[in-house]
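Only one structure is covered here, and it is reproduced in the block below.
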Ligand code: SAM
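In our numbering, the protein residues as written are 31 to 495.
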């Protein structure tokens, strides 16, 4: 991008802020943008066979601040490779990888990602949590929440709930609940100018002020939801002080029990990345407000010794699934409480019922209440795509593996059926180099394609890969 296209008020503000360094900073906008991907360690470690194959194919080089993060350069198109469909990695701007690393959630914790779509930080948090505990991923805009849910499913995450609520709606329900909160705030996007020229035309000083006010509002809800003794990361992809340091100091002044542990900037003229601001804050353990006991988040009653009361139709539905799984998924060990939405059966993460209660979800938009197990048809089960994506091949009674570069895999990803040995019969987990991509149903030498229609790939798209 040409430096002349930057808003004059932005250039002037950055010159004032950076002094002699401003030229190097402004010059960075004329250079090609940096691109990265982060391996999904729920599926595979960076050293594993498919990851090594991806590293060689895309010429990956490590991102210094994220052990699972790598740079790639044009003309590599990892977003178009079947490994992407299989959830082996998430395409993420490298500086943005610093935020979840700083929050460093532990397996088993209760974690909130308050502004989560499309899912870069959520999928990173889920990896760091090793799929254990509870992750609530929220996105205020319903259409973006759908994309978030798709990414959560693609990466095979089973301990996350995807909600679509305002921060206020959430803080009224989940006060004092979370060990860690990620607030990757909506911002004026000065770090997006190189990637997205539309961000340049939306920028103005008034927009910066509006963003800062909105960030302040969201931070107050985040505060209410953080447990005493808990940690929070506030991040943005913008450079001005108002939305970064000044928002944080306004916050710590208003809430003296919040201590700023560290705040860092990744600058595009210092590091290889588009730039990010990240701040880690800690809430004092003896904080008096927002505790679960006061908020009533943990309700006694409504929950028996063995978990929530289960409605008869739900019990039947779960029994139907369990009977199916006993035959078809001998290695399945999903833990949690079943929930039924229409004909869709979900498995709410166990930690949700242990720590909270399902009444908290009443009236809330929950595009994904944990792991989607199945669609219940009249006298049969149709296993959900999300279930396939969460499995290891050995957990299914049958799996059928395709090579990443095979024409069969391309045909499968376009939604076509495959000819298979006649002995293969029934629900089959279809994998690419050992990584699930979907269900297929085998009968009489044909494997019928159950990859959801919306995820099927157009022929031209694959050829561009
Ligand atoms: N964390 C995401 C990721 O890593 O993929 C990116 C989040 S983006 C920087 C900020 C998100 O905040 C957007 O998805 C936007 O829809 C959402 N948002 C906008 N207004 C909001 C509000 N008032 N409260 C909460 N979230 C809001």
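Note that the Cβ used here is the ideal one computed from N, Cα and C, for glycine as well. Treat the numbers as computed from the prediction; the structure is a model and nothing was measured.
- Item | Environment of residue 291 [buried if 16+ CB atoms lie within 10 Å] | Within a 10 Å sphere around the beta-carbon of residue 291 sit fewer than 16 other beta-carbons, which makes this residue exposed.
- Indicate whether residue 174 and residue 148 have their beta-carbon atoms separated by less than 8 Å. In contact: residue 174 and residue 148 (Cβ atoms closer than 8 Å).
- Item | Euclidean distance between Cα positions of residue 319 and residue 52 | In this prediction, residue 319 scores a pLDDT of 49, lower than 50, which makes its location untrustworthy; the coordinate-derived value is nonetheless stated afterwards. Here the alpha carbon of residue 319 sits roughly 43 Å from the alpha carbon of residue 52.
- Please say whether residue 425 and residue 359 have beta carbons closer to each other than 8 Å? Cβ atoms of residue 359 and residue 425: closer than 8 Å.
- To the nearest angstrom, report how far apart residue 432 and residue 308 are at their CA atoms. Distance from the CA of residue 432 to the CA of residue 308, rounded to the nearest whole angstrom, comes to 41 Å.
- Out of 245, 369, 146 and 373, point me to the one whose CA is closest to residue 387's CA. Among 245, 369, 146 and 373, the Cα nearest to that of residue 387 is on 369.
- Pick from 114, 119 and 182: whose alpha carbon is nearest that of residue 143? The shortest C-alpha separation from residue 143 is found at 182.
- Query: Hey, quick one: how far does the alpha helix (DSSP H) through residue 402 stretch, first residue to last?
  - Reply: That residue, residue 402, is in no alpha helix (DSSP H); its beta strand (DSSP E) goes 401–407.
- Item | Inter-residue spacing [alpha-carbon to alpha-carbon] between residue 521 and residue 234 | Nothing in the structure corresponds to residue 521, since the chain is present only between 31 and 495.
- 8 Å contact criterion, which residue 130 and residue 108 should meet: CB distance rounded: A Cβ-Cβ distance of about 20 Å is found for the pair residue 130 and residue 108, leaving them out of contact under the 8 Å criterion.
- For the 8 Å Cβ check, are there 3 or more pairs between the stretch 71–79 and the stretch 232–251? Contact between the stretch 71–79 and the stretch 232–251 is absent, because fewer than three Cβ pairs lie under 8 Å.
- Query: Relative to the ligand SAM, is the shortest distance from any of its heavy atoms to the C-beta of residue 416 smaller than 7 Å?
  - Reply: No.
- Message: Give me the residue from 472, 372 and 166 with the minimum Cα distance to residue 455.
- Response: Between residue 455 and the set 472, 372 and 166, the nearest pair of CA atoms involves 472.
- With a Cβ-Cβ cutoff of 8 Å, do residue 384 and residue 365 count as a contact? Cβ distance not < 8 Å, so residue 384 and residue 365 don't count as in contact.
- Item | alpha helix (DSSP H) segment containing residue 112, residue limits | Element bounds for residue 112: 112–115.
- Item | Residues near residue 398 by beta carbon distance below 8 Å, same chain, minus five either side | Excluding residues within five positions, the ones whose Cβ falls inside 8 Å are 179, 182, 183, 190, 191, 192, 376 and 416.
- Query: CB-CB under 7 Å to residue 316, same chain, minus the five flanking residues each way: which ones, in chain order?
  - Reply: The beta carbon of residue 316 is closer than 7 Å to those of 258 in its chain, skipping five residues each way along the sequence.
- Go ahead and pull the three-state DSSP assignment for residue 441. Three-state DSSP puts residue 441 in a helix.
- Query: Fully enclosed by the stretch 421–470, which beta strand (DSSP E) runs are 3 residues long or longer?
  - Reply: DSSP runs (the beta strand (DSSP E)) wholly in the stretch 421–470: 429–432 and 456–462.
- Message: Just to confirm my understanding: we take residue 159, look at its own chain, exclude 5 residues before and 5 after, and list those with CB closer than 8 Å. What are they?
- Response: Only 135, 136, 137, 138, 139, 141, 165 and 189 meet the Cβ criterion.
- Message: Quick check: the stretch 52–72 against the stretch 221–231, are at least 3 beta-carbon pairs closer than 8 Å?
- Response: Yes, the stretch 221–231 touches the stretch 52–72.
- Task: Note down the Cα distance separating residue 232 from residue 216, rounded to an integer number of angstroms.
- Result: Computed Cα separation, rounded: 13 Å.
- Query: Taking residue 157 as the reference, which of 123, 197 and 96 has the closest Cα?
  - Reply: Taking only the C-alpha atoms, the option nearest residue 157 is 96.
- Message: Please give the ranges of any alpha helix (DSSP H) in the stretch 128–179, keeping only runs that are unbroken, at least 4 residues long and fully inside the region.
- Response: Qualifying alpha helix (DSSP H) stretches, in chain order: 150–158.
- Any non-hydrogen atom of the ligand SAM within 7 Å of residue 54 CB: The answer is no for residue 54.
- Do you know how far the Cα of residue 128 is from the Cα of residue 55? Between the C-alpha atoms of residue 55 and residue 128 there is a straight-line separation of about 20 Å.
- Task: Look up residue 285 in the DSSP assignment and say whether it is helix, strand or coil.
- Result: Coil, per DSSP.
- Message: Is any non-hydrogen atom of the ligand SAM found closer than 7 Å to the C-beta of residue 206, if you look at the structure I gave you?
- Response: Not under cutoff, so the answer is no.
- Item | Whole-angstrom distance between residue 449 and residue 483, CA atom to CA atom | Residue 483 and residue 449: Cα-Cα distance of roughly 20 Å.
- Tell me whether residue 331 sits in a helix, a strand or coil according to DSSP, three-state version. Reliability of the predicted coordinates at residue 331 is poor, the pLDDT of 39 falling under 50, and no value is obtained from them.
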